[in-house]
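If you read the sequences in order, they're chains L and G. If you count the first sequence from 1, you need to add 3 to reach the working numbering. If you count the second sequence from 1, you need to add 901 to reach the working numbering. Ideal placement from N, C-alpha and C gives every residue a C-beta, glycine not left out. All values derive from a computational prediction rather than experimental measurement.
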Amino acid sequence: MLDKEIAECCRKLRLSRNLAELAQTTEGTNHQEYLYQILSEELHYRTITRTEKLVNSAGFYAINTFEGYRFDEITLPSDLTPESLKTLSFI
Amino acid sequence: MYGGTGTGKTMLSTTIGVAACRQGIPVKFFRTAALVNKLSEAKTAGTLTAFLKKLNKAEVIILDEYGYVPLDRTGAQLLFEIISDCYECRSIILNTNLEFSRWVNVLYDEQMTAAMLDRLLHHYHLLLFPGPSNRMRESSINELYRSISDNQLKK
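Shown next as structure tokens:
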């Protein structure tokens, strides 16, 4: 009904297109729940896009993850463990 | 991270870098020679300040292939500036196959090498990669060698 109007408001408020789309599809039992759903979804969406952007702009040649990574051919110093490397506590 | 070529330094540093990004920590990954080239270009173009400002937004800077290519004097000075800027406020992951005593061969200036090592080694973790090259182990050239030696045995 108000698709275009909501999209236009989002644009003017510098809110994402994602939020405008969420406004059409999200359901809630009352106004507050509906609003909370949209806002929390949008926050989640922003976290994902931000981390994706960070990964893409970092300049990696490949995207590797710790899944299946083996530390057996690496000599770690006494103050580091594979776990502490994975949790990035050194940063 | 110190170890011979193909032992997994780039892979581990990339893995750590990706994990950091996924936690919302900004990371920049460079081959050292490429970074130095970019710095030199920025200096010539008069955009060095802007480039450094952008670089300083990263909380982790990964310098890969450090020491594979010798640097010129300006390049070495610019790299020193980056490392000095990072001291006690950002993390650096540096991958190299050069032991510290040979760093002067890349930077040429003994005093600068000493100052760079001083900053890097104040708070550091040294990861050693003593294994054989994974690239060579996985390479199909091994099969070629095997077939050649098998043929020689048959003769």
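Legend entry - Proximal residues to L:Val58 (C-beta, below 8 angstroms), its chain only, five neighbours per side dropped: Taking the first sequence and counting its residues from 1, the one referred to as residue 58 of chain L is at position 55. Cβ within range, chain order: Ile66.
Inset, instruction - Using a threshold of 8 angstroms, state whether the C-beta atoms of G:Thr908 and G:Ser1040 are closer than that. - result: Position 7 of the second sequence, counted from the start, is the residue given in the question as residue 908 of chain G. Position 139 of the second sequence, counted from the start, is the residue given in the question as residue 1040 of chain G. No.
Legend entry - Straight-line gap, G:Ser1050 to G:Glu966 (C-alpha atoms, nearest Å): Your numbering for residue 1050 of chain G matches position 149 in the second sequence. Your numbering for residue 966 of chain G matches position 65 in the second sequence. Distance between the alpha carbons of G:Ser1050 and G:Glu966: 34 angstroms.
Legend entry - Minimum Cβ-Cβ distance from L:Leu42 to chain G less than 8 angstroms: The sequence position of residue 42 of chain L within the first sequence is 39, counting from 1. No, L:Leu42 lies away from the interface with chain G (no Cβ there is under 8 angstroms from its Cβ).
Legend entry - Residues within the region 64 to 82 of chain L neighbouring chain G, beta-carbon criterion of under 8 angstroms: Tyr64, Ala65, Ile66, Asn67, Thr68, Phe69, Tyr72, Glu76, Ile77, Thr78, Leu79, Pro80, Asp82
Inset, instruction - Check whether the region 917 to 930 of chain G touches the region 1013 to 1025 of chain G, counting contact only when three or more Cβ pairs, one atom from each stretch, lie closer than 8 angstroms. - result: no
Inset, instruction - Answer yes or no: does any C-beta atom of chain G fall closer than 8 angstroms to that of L:Ala23? - result: Sequence index remark: in the first sequence, residue 23 of chain L carries index 20 (1-based). It does not; no Cβ of chain G falls within 8 angstroms.
Legend entry - Separation of G:Leu913 from G:Leu995, as counted between CA atoms: Locating residue 995 of chain G in the second sequence gives position 94, counting from the first residue. Locating residue 913 of chain G in the second sequence gives position 12, counting from the first residue. The straight-line gap from Cα to Cα measures roughly 11 angstroms.
Inset, instruction - Identify, in the order they occur along the chain, each residue of the same chain with its Cβ nearer than 6 angstroms to the Cβ of G:Ala943, setting aside the five sequence neighbours on each side. - result: Taking the second sequence and counting its residues from 1, the one referred to as residue 943 of chain G is at position 42. So the list reads Leu949, Phe952, once near-sequence residues are dropped.
Inset, instruction - Count the other C-beta atoms from every protein chain shown that fall within 10 angstroms of the C-beta of G:Arg1003, then say buried if there are 16 or more, exposed otherwise. - result: Mapped onto the second sequence, residue 1003 of chain G falls at position 102. So G:Arg1003 counts as exposed.
Inset, instruction - Using only the heavy atoms of the ligand COA, determine whether one of them is closer than 7 angstroms to the beta carbon of L:Lys15. - result: Absence of the ligand COA is noted for the structure shown, with no ligands found whatsoever.
Legend entry - Exposure of L:Ile51, with buried meaning 16 or more beta-carbon neighbours within 10 Å: Residue numbering aside, residue 51 of chain L sits at position 48 when the first sequence is read from its first letter. Under this definition L:Ile51 is an exposed residue.
Inset, instruction - Tell me whether the beta-carbon of G:Ala1015 lies closer than 8 angstroms to the beta-carbon of G:Arg991. - result: Residue numbering aside, residue 1015 of chain G sits at position 114 when the second sequence is read from its first letter. Residue numbering aside, residue 991 of chain G sits at position 90 when the second sequence is read from its first letter. No, these two residues do not count as a Cβ contact at 8 angstroms.
Inset, instruction - Less than 8 angstroms between the CB atoms is what I'm expecting for L:Leu91 and G:Ile917, so what's the real figure, rounded? - result: In the first sequence, residue 91 of chain L corresponds to position 88, counting from 1. In the second sequence, residue 917 of chain G corresponds to position 16, counting from 1. Right, their Cβ atoms sit about 7 angstroms apart.
Legend entry - Cut-off 6 angstroms between Cβ atoms - residues of its own chain near L:Cys13, not counting five sequence neighbours on either side: For the purposes of this step, residue 13 of chain L is taken as residue 10 along the first sequence, with counting starting at 1. Leu22, Ala23.
Inset, instruction - Kindly say whether G:Ser992, judged by its beta-carbon, lies nearer than 8 angstroms to any beta-carbon of chain L. - result: As a position in the second sequence, residue 992 of chain G is number 91, starting the count at 1. At least one chain L Cβ lies under 8 angstroms of G:Ser992.
Inset, instruction - Take G:Arg974 as the anchor and find which of G:Asn957, G:Leu999, G:Val937, G:Gly947 has the nearest alpha-carbon. - result: Your numbering for residue 974 of chain G matches position 73 in the second sequence. Among G:Asn957, G:Leu999, G:Val937, G:Gly947, the Cα nearest to that of G:Arg974 belongs to G:Val937.
Legend entry - Segment limits, beta strand (DSSP E) that includes G:Lys929: In the second sequence, counting from the first residue as 1, residue 929 of chain G sits at position 28. Its beta strand (DSSP E) spans residues 928 to 932.
Inset, instruction - Assign L:Thr68 to one of three DSSP states: helix, strand, or coil. - result: As a working mapping, residue 68 of chain L is identified with position 65 in the first sequence. Three-state result, L:Thr68: coil.
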